[in-house]
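Chemist:
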Amino acid sequence: MKFIDEFRDGQLARGLGGAIAKAVDPARSYHLMEFCGGHTHAISRYGLTDFLPANVRMVHGPGCPVCVLPIGRIDLAIQLALDRGVILCSYGDTLRVPASNGLSLLKAKAGAGDRSGDIRMVYSAADALKAARDNPNREVVFFAIGFETTTPPTALLIRQAQAEGLKNFSVLCNHVLTPAAITHILESPEVRQYGTVPLDGFIGPAHVSTIIGSRPYEPFAAQYRKPVVIAGFEPLDVMQAILMLVRQLNAGRAEVENEFSRAVTRDGNLKAQALVAEVFEVRSSFEWRGLGEVPDSALKIRAAYAAFDAEQRFNLRYVPVPDNKACECGAILRGVKKPQDCKIFGTLCTPENPMGSCMVSSEGACAAHYTYGRFKDAAVA
Amino acid sequence: MSEIKKNYTRPLDILNGRVDMSHGSGGRAMAQLIEELFLAAFDNEFLRQGDDGASLPAMPAEASGRLVVATDAHVVAPLFFPGGDIGCLAVHGTINDVAVMGARPLYLAASFILEEGFPLADLQRIVASMAAAARAARVPVVTGDTKVVERGKGDGVFITTTGFGWVPQGLALSGSQAKAGDAILLSGSIGDHGMAIMSQRENLAFDAPIESDTAALHDLVAAMLASGAAIRCLRDPTRGGLATTLNEIARQSEVGLMLDEAVIPVRHAVDAACEFLGLDPLYVANEGKLVAICAAADAERLLSAMRAQPLGKDAAIIGNVHTDPHHFVQMQTRFGGRRIVDWLSGEQLPRIC
Numbered sequence: 103m104k105f106i107d108e109f110r111d112g113q114l115a116r117g118l119g120g121a122i123a124k125a126v127d128p129a130r131s132y133h134l135m136e137f138c139g140g141h142t143h144a145i146s147r148y149g150l151t152d153f154l155p156a157n158v159r160m161v162h163g164p165g166c167p168v169c170v171l172p173i174g175r176i177d178l179a180i181q182l183a184l185d186r187g188v189i190l191c192s193y194g195d196t197l198r199v200p201a202s203n204g205l206s207l208l209k210a211k212a213g214a215g216d217r218s219g220d221i222r223m224v225y226s227a228a229d230a231l232k233a234a235r236d237n238p239n240r241e242v243v244f245f246a247i248g249f250e251t252t253t254p255p256t257a258l259l260i261r262q263a264q265a266e267g268l269k270n271f272s273v274l275c276n277h278v279l280t281p282a283a284i285t286h287i288l289e290s291p292e293v294r295q296y297g298t299v300p301l302d303g304f305i306g307p308a309h310v311s312t313i314i315g316s317r318p319y320e321p322f323a324a325q326y327r328k329p330v331v332i333a334g335f336e337p338l339d340v341m342q343a344i345l346m347l348v349r350q351l352n353a354g355r356a357e358v359e360n361e362f363s364r365a366v367t368r369d370g371n372l373k374a375q376a377l378v379a380e381v382f383e384v385r386s387s388f389e390w391r392g393l394g395e396v397p398d399s400a401l402k403i404r405a406a407y408a409a410f411d412a413e414q415r416f417n418l419r420y421v422p423v424p425d426n427k428a429c430e431c432g433a434i435l436r437g438v439k440k441p442q443d444c445k446i447f448g449t450l451c452t453p454e455n456p457m458g459s460c461m462v463s464s465e466g467a468c469a470a471h472y473t474y475g476r477f478k479d480a481a482v483a
Numbered sequence: 503m504s505e506i507k508k509n510y511t512r513p514l515d516i517l518n519g520r521v522d523m524s525h526g527s528g529g530r531a532m533a534q535l536i537e538e539l540f541l542a543a544f545d546n547e548f549l550r551q552g553d554d555g556a557s558l559p560a561m562p563a564e565a566s567g568r569l570v571v572a573t574d575a576h577v578v579a580p581l582f583f584p585g586g587d588i589g590c591l592a593v594h595g596t597i598n599d600v601a602v603m604g605a606r607p608l609y610l611a612a613s614f615i616l617e618e619g620f621p622l623a624d625l626q627r628i629v630a631s632m633a634a635a636a637r638a639a640r641v642p643v644v645t646g647d648t649k650v651v652e653r654g655k656g657d658g659v660f661i662t663t664t665g666f667g668w669v670p671q672g673l674a675l676s677g678s679q680a681k682a683g684d685a686i687l688l689s690g691s692i693g694d695h696g697m698a699i700m701s702q703r704e705n706l707a708f709d710a711p712i713e714s715d716t717a718a719l720h721d722l723v724a725a726m727l728a729s730g731a732a733i734r735c736l737r738d739p740t741r742g743g744l745a746t747t748l749n750e751i752a753r754q755s756e757v758g759l760m761l762d763e764a765v766i767p768v769r770h771a772v773d774a775a776c777e778f779l780g781l782d783p784l785y786v787a788n789e790g791k792l793v794a795i796c797a798a799a800d801a802e803r804l805l806s807a808m809r810a811q812p813l814g815k816d817a818a819i820i821g822n823v824h825t826d827p828h829h830f831v832q833m834q835t836r837f838g839g840r841r842i843v844d845w846l847s848g849e850q851l852p853r854i855c
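One line per chain: the protein sequences are A and B, in this order.
103 is the number of the first residue of the first sequence in this note's numbering; add one for each residue after it.
503 is the number of the first residue of the second sequence in this note's numbering; add one for each residue after it.
(1) What does the alpha-carbon distance come out to for the pair A:I305 and A:V348?
(2) Could you spell out where the alpha helix (DSSP H) holding B:G631 opens and where it closes?
(3) Pull up the DSSP beta-bridge partners for B:P607, would you.
(4) Quick check on the burial criterion: 16 or more other C-beta atoms within 10 angstroms. Buried or exposed for B:M726?
(5) I need the straight-line Cα distance from A:G394 to A:F388, nearest angstrom please.
(6) Pick from A:S459, A:I434, A:R186, A:P337: whose alpha carbon is nearest that of A:L197?
(7) Judging by CA-CA distance, which residue of B:S613, B:L616, B:G595, B:E617 is the nearest neighbour of B:P607?
(8) Could you tell me the boundaries of the beta strand (DSSP E) in which A:G303 lies?
(9) Tell me, please, which residues DSSP counts as bridged to A:V243.
(10) Per DSSP, what kind of secondary structure is A:L279 in: helix, strand or coil?
(11) Using a Cβ-Cβ distance under 8 Å, would A:G117 count as near chain B?
(12) DSSP three-state call for A:Y132: helix, strand or coil?
(13) Provide the residue(s) that pair with A:W390 in DSSP beta bridges, ordered along the chain.
(14) Quick one: is A:P337 near chain B, going by C-beta distance under 8 Å?
(15) In chain order, what residues of the same chain lie with their CB nearer than 6 Å to the CB of A:K439, ignoring the 5 residues before and after it?
(16) Please name the residue, chosen from A:S363, A:E241, A:G392, that lies closest to A:G187 on a Cα-to-Cα basis.
(17) Output yes if chain B places a C-beta closer than 8 Å to the C-beta of A:D152; else output no.
(18) For A:V421, count the other beta carbons within 10 Å of its own beta carbon; 16 or more makes it buried, fewer makes it exposed. Which is it?
(19) For B:Q702, decide whether its Cβ has a neighbour in chain A, counting only Cβ atoms nearer than 8 Å.
(20) I'd like the ranges of any alpha helix (DSSP H) spanning at least 4 consecutive residues and lying wholly in the stretch 718 to 787 of chain B.
(21) Considering only heavy atoms of the ligand NAP, does any lie closer than 7 Å to the CB of A:V381?
(22) Could you have a look at A:V482 and say whether DSSP puts it in helix, strand or coil?
(23) So, does the CB of A:V482 fall closer than 8 Å to a CB anywhere in chain B?
(24) Under the DSSP definition of a beta bridge, which residues are partnered with A:C460?
(25) Using a Cβ-Cβ cut-off of 8 Å, state whether A:R476 counts as contacting chain B.
(26) Residues in the same chain with beta-carbon distance under 6 Å from A:V482, minus the five sequence neighbours each way, listed in chain order, please.
(27) Check the Cβ of B:G646 against every Cβ in chain A and list those closer than 9 Å, keeping chain order.
(28) Taking DSSP as the reference, what is the three-state secondary structure of A:D127?
(29) If you draw a straight line from the C-alpha of B:A718 to the C-alpha of B:R568, how long is it?
(30) Who are the neighbours of A:R368 on chain B, taking C-beta pairs under 8 Å?
(31) Taking DSSP's pairing of strands, which residues face B:A794 in a bridge?
(32) Quick one: what does DSSP say B:K497 is sitting in, helix, strand or coil?
(33) Does the stretch 650 to 663 of chain B come close enough to the stretch 613 to 624 of chain B that 3 or more CB-CB pairs lie under 8 Å?
Encoded structure:
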């Protein structure tokens, strides 16, 4: 396929692998965190670690929108569907995330006890608006999740709903912010105090950066002395970014570099940013699965659009729910553990019966390793 | 002296009429629907018997063998899609299930569940397509049934077809017979049917030159069997796609499979649409493709036999069978790495971010 195959060329990958092997200093190690689930997916799907020297280690980050969604937020959505009888629209992956009482949105849709929820999978946020237009006598709620990539469409949706004067539409907003999560990881005791998670640099988000630009990462380079290379989601993008990080580290540099220059600029998409700023404001704190409460890490709907805020409209009260005790998603999302370190990985917790959120989305570290890479564990065993 | 007037029944209003509850009640309306719509299209000597079931001649007397039966319920939305509709799909799907058992398909039985309010014009289109497919395949629909459910309790039309076929003595294909060293062959490009359907979904409609590959595979199968190659197993990779079918075989045969991504045929448009939606063509449904496992020494011979058939012209040897206690299906990626091609968990869902 034109424009894609070029970024999946095995010969170029071997060339880049050779360049990385030549560039690395054998006396040191390189711990690089790929923040995004999209990168995690590419690394597993294309077996990128096979091309890397042993002293370059990839650490999976928390950039998977489904994975970081805490149980309590899914419970709110299920409550809306089952107790309030709304039509709940959501992106696909979210349906399978395990929630309280053995439920998930998918199970609530099929039925819980004598009730079942009208829960609909949508491909586009605009489909939720259509559901509201088509069902004027019912409440329609869009369960909005995702990082900065999916936020502008939600903002558009809310503005559109206001322009049309829709009275039966609202959004349960779970949009989260990338830079706050990176700060949180860099400030975590494992990284700062104990050094149990060595982190030398970051592969910065692809799609998120098309919106926010590369500028927001500059403080990480300046204050924390960690190089950041923004990279696309194709395998060659990731390889190239690794080479760029290795070179920065060797030279003792800590800068923001942009490998994904075909889509990302320093300032990002200003129009989208303005739209988001008009509709949303920063929440003082938001719970992330794995990271806990993270200050200034999420968005809520501004007062001017309160009529479209499901939390206000239905007077929802958030109740945090602890994860399953055996589940290591928290440690995995912080880069402290690998999927294989979790006792229930591949036994109790599989993509068919996920216990933790990292096993749900194809971008989750556990699902990616289970789906594409676990033959490597078998070879060792 | 008055005469009893000759019965007159107003013909079905195919153009504007709709299925109503009386069409399933067992009365005159039902008889009329069957006669004017179904019998007219499927007409054959067995249906003309007019009894509750079809009385069939004894199985082919030329040799001893076994009877094979397969049944398949067809539900698809939309009912009409590029390259086909639920009617021809219902014929092809069941013929293929029979054919990949190594059997020559002989007869089909069909049962329809119709939703109240369904346009008769659409029903006629579906039945005509089904009849044409059955005729082209030389497999008659010999008996059938119709039920009507209330509006909202069906999705227009559901069609269940059951197929009967005959396997000659000595031929026993099974997914449990793959052996280390065997070759894996695929009859053509993957993902066409699933993406053709996807491109028509109401909430996703996109313009793509993709047609369903729905087709009856029994002539291809016959040519493959006639080649004399030592075929262990045939399967049609429908729901769940090629990946699912191969995982089934690996599990049944207790072996590992290794694929070569570079030689698996995928049409550009399908590849692009999958990329766009975040789907993997390996998991997308096919309705006119088959996978064969055969002895390595016979692989080339089987490949030429397949390529000589219209439905096998893009056939390829896509991998081989090896010993693996974990029964993994693995793939050498075009990129140069190796990865698992796992069972699909749940539905294939697009990525969010």
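Positions of the beta carbon are idealized from the N, C-alpha and C atoms, including for glycine.
Modeler: For this structure:
(1) Reading the first sequence from its first residue, position 203 is the one you call residue 305 of chain A. Reading the first sequence from its first residue, position 246 is the one you call residue 348 of chain A. Cα to Cα, the separation comes out at about 11 Å.
(2) In the second sequence, residue 631 of chain B corresponds to position 129, counting from 1. The question names Gly, yet the displayed sequence has Ser at residue 631 of chain B. Here the alpha helix (DSSP H) through B:S631 covers 622 to 639.
(3) Numbered from 1 along the second sequence, position 105 holds the residue referred to as residue 607 of chain B. B:G667, per the DSSP bridge assignment.
(4) For the purposes of this step, residue 726 of chain B is identified with residue 224 of the second sequence, where counting begins at 1. That one is buried.
(5) Counting from one through the first sequence, the residue named residue 394 of chain A turns up at place 292. Counting from one through the first sequence, the residue named residue 388 of chain A turns up at place 286. Approximately 8 Å, taken between the alpha carbons.
(6) In the first sequence, counting from the first residue as 1, residue 197 of chain A sits at position 95. Taking only the C-alpha atoms, the option nearest A:L197 is A:S459.
(7) If you number the second sequence from 1, residue 607 of chain B lands on position 105. Per the Cα distances, B:G595.
(8) Counting from one through the first sequence, the residue named residue 303 of chain A turns up at place 201. First-last of the beta strand (DSSP E) with A:G303: 303 to 306.
(9) The sequence position of residue 243 of chain A within the first sequence is 141, counting from 1. A:V243 is bridged to A:L190, A:S272.
(10) Taking the first sequence and counting its residues from 1, one reaches residue 279 of chain A at position 177. In the structure shown, A:L279 sits in coil (DSSP, three-state: anything other than H, G, I, E or B).
(11) Numbered from 1 along the first sequence, position 15 holds the residue referred to as residue 117 of chain A. With 8 Å as the cut-off, A:G117 does not count as an interface residue toward chain B.
(12) One-based indexing of the first sequence puts residue 132 of chain A at position 30. A:Y132: strand per DSSP, three-state reduction.
(13) Locating residue 390 of chain A in the first sequence gives position 288, where the first residue counts as 1. A:G394.
(14) Residue numbering aside, residue 337 of chain A sits at position 235 when the first sequence is read from its first letter. Yes - at least one Cβ of chain B is within 8 Å of the one on A:P337.
(15) Position 337 of the first sequence, counted from the start, is the residue given in the question as residue 439 of chain A. Here the set comprises E430, A433.
(16) Here residue 187 of chain A corresponds to residue number 85 of the first sequence, with the count starting at 1. Residue A:E241 is the option with its Cα nearest to A:G187.
(17) Translated into the one-based positions of the first sequence, residue 152 of chain A becomes position 50. Yes - at least one Cβ of chain B is within 8 Å of the one on A:D152.
(18) Here residue 421 of chain A is taken as the residue at index 319 of the first sequence, counted from 1. Under this definition A:V421 is an exposed residue.
(19) Mapped onto the second sequence, residue 702 of chain B falls at position 200. No, no contact with chain A.
(20) 720 to 728, 743 to 755, 770 to 779
(21) Among the components of this structure there are no ligands whatsoever, and the ligand NAP is therefore not found.
(22) Stepping through the first sequence from its first residue, residue 482 of chain A is reached at position 380. Low confidence applies here, because A:V482 scores a pLDDT of 38, under 50, leaving its location unreliable and the question unanswered by this model.
(23) On the first sequence, position 380 is the one that residue 482 of chain A refers to. With a pLDDT of only 38 at A:V482, under 50, the local geometry of the prediction cannot be trusted, and the value read off the model is given with reservation. Judged by the 8 Å Cβ criterion, A:V482 is not in contact with chain B.
(24) Along the first sequence, read from residue 1 onward, the residue named residue 460 of chain A stands at position 358. A:C460 pairs with nothing; no bridge assigned.
(25) Taking the first sequence and counting its residues from 1, the one referred to as residue 476 of chain A is at position 374. At least one chain B Cβ lies under 8 Å of A:R476.
(26) The sequence position of residue 482 of chain A within the first sequence is 380, counting from 1. Its pLDDT being 38, under 50, A:V482 is placed unreliably by the model, and the measurement read from it follows with that caveat. Within the same chain, A:V482 has no close Cβ partners at all.
(27) The sequence position of residue 646 of chain B within the second sequence is 144, counting from 1. Under the 9 Å cutoff, chain A gives no residues; its nearest Cβ is about 32 Å from B:G646.
(28) For the purposes of this step, residue 127 of chain A is identified with residue 25 of the first sequence, where counting begins at 1. Correct three-state label for A:D127: coil.
(29) Here the question's residue 718 of chain B lines up with position 216 in the second sequence. Here the question's residue 568 of chain B lines up with position 66 in the second sequence. Whole-angstrom Cα-Cα distance: 21 Å.
(30) Along the first sequence, read from residue 1 onward, the residue named residue 368 of chain A stands at position 266. By Cβ distance, chain B contributes nothing, its closest Cβ being about 21 Å from A:R368, past 8 Å.
(31) Against the second sequence, residue 794 of chain B aligns to sequence position 292. DSSP, once it has assigned bridges, lists B:L687, B:L736 as partnering B:A794.
(32) Because chain B is modelled from 503 through 855, residue 497 of chain B falls outside the range shown and cannot be assessed.
(33) yes
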